[in-house]
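There are 2 protein chains.
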Amino acid sequence: MKIEINRNANIPINQQIYENIADRIRSGALSEGEHLPSVRSLAKQLGISLLTVVRVYDLLEEKDLIERVQGKGTFVKNKLLIDATERNVKNNFDWQLSVLDYLPRTQFGAHYGSFENCIQFSVAAICPSLLPNRYLEREIHSTLKKNPNILSSYGPAQGDEELRKTMCKYLRKHNLYINHQDILVTNGTQQGIDLVAKTFIGPGDVVAMEAPTYPAAIDTFRARGATIVPLPMDNDGIRIDHLQRVCEIYKPKLIYTIPNFQNPTGIVLSRKRREQLLMLAQENQIIIVEDDPWSEMFFDKKPPTPIKGLDTNGFVIYLKGLSKTLVPGCRIGLLAANGTLFNRLVASKVNTDLGSPLLTQKAILPLFHSKRMEDHMEKLRFALNLRKDKVVKLLNSHMPDGVHWIVPTGGLNIWLSVPSEWNTNHLLIECKKENIFFLPGSACFSGEPEKHHLRLNFTYLPDNELEMGILKFCKITKKFLSSNRQFRHSSIN
Amino acid sequence: MKIEINRNANIPINQQIYENIADRIRSGALSEGEHLPSVRSLAKQLGISLLTVVRVYDLLEEKDLIERVQGKGTFVKNKLLIDATERNVKNNFDWQLSVLDYLPRTQFGAHYGSFENCIQFSVAAICPSLLPNRYLEREIHSTLKKNPNILSSYGPAQGDEELRKTMCKYLRKHNLYINHQDILVTNGTQQGIDLVAKTFIGPGDVVAMEAPTYPAAIDTFRARGATIVPLPMDNDGIRIDHLQRVCEIYKPKLIYTIPNFQNPTGIVLSRKRREQLLMLAQENQIIIVEDDPWSEMFFDKKPPTPIKGLDTNGFVIYLKGLSKTLVPGCRIGLLAANGTLFNRLVASKVNTDLGSPLLTQKAILPLFHSKRMEDHMEKLRFALNLRKDKVVKLLNSHMPDGVHWIVPTGGLNIWLSVPSEWNTNHLLIECKKENIFFLPGSACFSGEPEKHHLRLNFTYLPDNELEMGILKFCKITKKFLSSNRQFRHSSIN
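Keeping their order, the protein sequence lines are chains A and B. Letter 20 of the first sequence, counting from 1, is numbered 20 in our numbering, and no numbers are missing. In our numbering, each residue's number is its place in the second sequence (first place is 1) plus 1000.
So this is what it looks like as structure tokens:
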């Protein structure tokens, strides 16, 4: 267990250590029943006082995350309520337990499970039947037939030039004027986030992000030893008054935001806030990472110009997911940035994997060159909007009182809240018994999680299973909320 | 400029700082003419004495890497000999210069250039005409036609199960018995190295690796703040007596090795040494990373059993490159490991990119299922061996006295040395004038580089260009070595 302490951050050291250990326990990096270091040895390892460690362990115990056994030591608490199959039982390599790692949190990994044979509300993906597979299959055939050497070629580390040029044109339609020299092709936007984190963030750096936000982004920045400062939102997105104070107190190096149909809440950052956010970043010399996975999927009106579209001084690193709404099997994302920030990210990409596969880059090209693209996006918007309406209607009719949700104006998810004394991690256990999966809200918070939310994807399940799935989910939720009070204030994290 | 100091390493702090700055200058991360911090401010930033910084700057000046200008400060030295086009002239984003990064070295990135329209001896790749593109193109067509949903599906983050099962069978032929549950699919072995580094290595950790070695591996471990300890080799690979001392003095956390046709030297680690290496790792609880990019390409006899094949206690993380000899356009690699080391690497893969594209994983499958695979490998071995013979013959006839090389018994490269008073970085400048590229040996060393070597790839150039290319290269080398002595002891790094 390697714990990074940032002595310059305006966050108390005991809180930093508490969050680090709590994150590991919650995400399963520390397994149930695992031995924790003694107070004395942890204090020595971290160069802190015994009292600080005692306080941390007291808090962990209070939060029901650990237990102390007289004469034996301190252990990660065994929670019988957690499904035994989730635990990693295989372990014949004892020496490995002492190998320290730099992986404080993998919340998203814990929920990134199987896509098959279940009622899948957990992944933010789109039903395969809604995507242009047949068309693309034929186009890939003709592309490879014309130029089979695509299979035997490494593309440039920065990405295929033809793809980057095509993307410039595509982005122009979304009010983004970017040179193909300033585009880097990534393996999905997740790699874009990882590249930014590994290049610019390390222990001692503060990252501000919406709370709640995309769990794998938290995981990635935390793995770099960053301190995360949460940014509360209202209906227009990040509250700028709050961000202003955050800038003054914590001096963040980077702000990570999902301005369009935010993941998980669905909130859109208003045009005015985008301008204010950029101005604050400029004043305080903060890098903005603008993650844009599904802005094309608006149900009402197109979202405002991307922040990158307003950026003239290279403050914004823009990440565009391409494959989610088109070809998930290709895992293509784009990163757009300027100046030395961009050059350093390209160098990092070389260190990371020498460049994305040429096959997947060439595979997605035909769609962008054809008129079919706009048609597809139009149809997809329509289909997702119908699904959203259907699901909201079902929730209205079948969810018990006290359950609330934000009706999304775009994107792939609905953010639901149950009364605050209930814990959706516990609801998830009940759902899994019926083969239903969703993303528990706790995974979407960086520090002390709010536990009474959940993210419900409505776009992945086949059309004919959607209604049945939602009805089942409502039924379980109803039963759960009317169940014995023993499950309230639950200890499951 | 972010400099990581490891106060626990047995390497003097001034040497650590010197190497960090020298690496940045050599790999272009610090550009020529760039301002370095003053002695006072660097000392303050790093919490070290003024005298230490003065010593570092003295050494950097002695090595001709920096220059001090009275009344103005300290600058990265301008070297007129370096090709002006290589410099990054574009820079309108001044504020970005003060953004610290975690990218101390990108030597490989500096040489990972274009593959097109040049005499390319720099990349370790295989000529497209030698790869089974036509066959694979047809197979991909039939795979996608049968199952177009491959395009719209995310595979599991660990990698497609069908591919992992197929790989188990393939590895078995190479004396490796691994479960498909213990295999992770990566974007080439480069990502495997990066995953290991980001999961287990951080500032304060020591990594031992062959000297010289694969430059992008050095870059990746250095980017994690690791201290690199070089391991000298003889004809049988890593010298175990030396490694033993390294283990005692530096207590490395990880040993990175390329046992088969080592990159860049072509040396094979003997069976006996493999056993000794593993035993040393076990005694000292050191992780071994065994990188195996091209063991199938033996010209004489099959290399010994992989170290992973001898490993019963989960000490070895095995990285297998698959695409280089088959389908570079797919960028597929495998990582095999056991126990919690493996589980943590899978969690890291999720944080990094949520998994490799399904399309490329499904694309390479048909070849492994067909008899064609063995035929292809057999033919490829034969073709590369012929090329090697041809190139060695040409070098014998046309290289001037004093130039030596190791005749490889497999792999894709020849390691050449010129007399030690010459610098191959300078030879590279001469070669580039004729559009010839090779990898300068200096990139392959982690600390103070030996400058009189180079890596010559003999497998990428089309057959009909190979002879002409080598002859041109010999001619330039001859002229270079007979040129004015001013270029000896050259300052170009």
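Each residue gets a CB set at the ideal place from its N, CA and C atoms; glycine is no exception.
Would you grab the beta carbon distance between residue i and residue j for me? Rounded to a whole angstrom, and I think it's under 8 Å.
i	j	result
Y1318(B)	K1302(B)	At roughly 17 Å, the Cβ-Cβ gap does not stay under 8 Å, so Y1318(B) and K1302(B) are not in contact.
P1304(B)	R1271(B)	4 Å
P252(A)	A208(A)	4 Å
F121(A)	F438(A)	4 Å
N423(A)	H398(A)	Between H398(A) and N423(A) the Cβ distance is about 21 Å, and since that is not below 8 Å, they are no contact.
G188(A)	I1150(B)	Rounded, the Cβ-Cβ distance is 16 Å, inconsistent with contact.
C1127(B)	T1459(B)	6 Å
What in chain A is Cβ-close to residue i, meaning under 8 Å?
i	result
K1198(B)	Y102, K198, A223
S1446(B)	Residues of chain A passing the Cβ test: none, with the nearest at roughly 14 Å.
F1093(B)	N313, G314, N338, G339, T340, L341
Would you mind telling me which residues of chain A sit closer than 7 Å to residue i, beta carbon to beta carbon, in chain order?
i	result
I1150(B)	G329
A1125(B)	Y154
K1145(B)	E137
A1208(B)	Result: empty, since nearest Cβ-Cβ is about 16 Å, beyond 7 Å.
R1134(B)	P148
By how many angstroms is the C-alpha of residue j removed from the C-alpha of residue i?
i	j	result
E1034(B)	N1284(B)	43 Å
F382(A)	I414(A)	17 Å
I436(A)	G469(A)	8 Å
E372(A)	H242(A)	Before going on, a small fix: residue 372(A) reads as Arg here, not Glu. If I take the Cα positions, the gap works out to 44 Å.
A1217(B)	D353(A)	11 Å
D83(A)	P400(A)	Interpretation of D83(A) is limited by its pLDDT of 41, a score under 50 that renders its predicted location unreliable; the figure taken from the coordinates is listed afterwards. C-alpha separation (whole angstroms): 26 Å.
L144(A)	L365(A)	12 Å
A223(A)	S442(A)	18 Å
R138(A)	D1194(B)	35 Å
T1186(B)	K1320(B)	9 Å
I17(A)	E67(A)	17 Å
G247(A)	Q107(A)	First, the amino acid is wrong: residue 247(A) is Cys here, not Gly. Each residue's alpha carbon lies about 27 Å from the other.
I1011(B)	T199(A)	25 Å
C977(B)	F1075(B)	This structure gives no information on residue 977(B), because the portion of chain B shown stretches from 1001 to 1493.
E32(A)	L1254(B)	28 Å
A966(B)	M167(A)	Look at the range of chain B in this structure, 1001 to 1493, and you will see that residue 966(B) is not part of it.
N263(A)	S1129(B)	46 Å
What did DSSP end up calling residue i once you bin it into helix, strand or coil?
i	result
F1342(B)	helix
Q120(A)	strand
R1222(B)	helix
S295(A)	coil
T213(A)	coil
P230(A)	strand
F1315(B)	coil
L334(A)	strand
W1415(B)	strand
I492(A)	Bear in mind that a pLDDT of 47 at I492(A), under 50, signals an unreliable position, so the number given afterwards is only what the model happens to contain. Coil, per DSSP.
R1105(B)	coil
I1329(B)	In the sequence as displayed, the identity of residue 1329(B) is Gly instead of Ile. Three-state DSSP puts G1329(B) in a helix.
W422(A)	coil
R1387(B)	helix
R1007(B)	coil
Could you check if residue i is buried or exposed, using at least 16 other CB atoms within 10 Å of its CB as the buried criterion?
i	result
D1463(B)	exposed
N117(A)	exposed
H404(A)	exposed
L1095(B)	The sequence given here places Trp at residue 1095(B); Leu does not occur at that position. By the 10 Å Cβ count, W1095(B) comes out exposed.
E448(A)	exposed
N1020(B)	buried
Y177(A)	exposed
Q191(A)	buried
E1290(B)	buried
V1069(B)	exposed
G1339(B)	buried
G1410(B)	buried
S1049(B)	exposed
E1210(B)	buried
I201(A)	buried
Just to make sure I have the definition right: I need the residues of chain B whose C-beta is within less than 7 Å of the C-beta of residue i. Which are they?
i	result
R164(A)	Within chain B, no residue comes near R164(A); the closest Cβ sits about 15 Å away, beyond 7 Å.
Positions along the region 1178-1195 of chain B whose CB lies within less than 7 Å of some CB in chain C: Looking for chain C here will not work: the only protein chains present are A and B.
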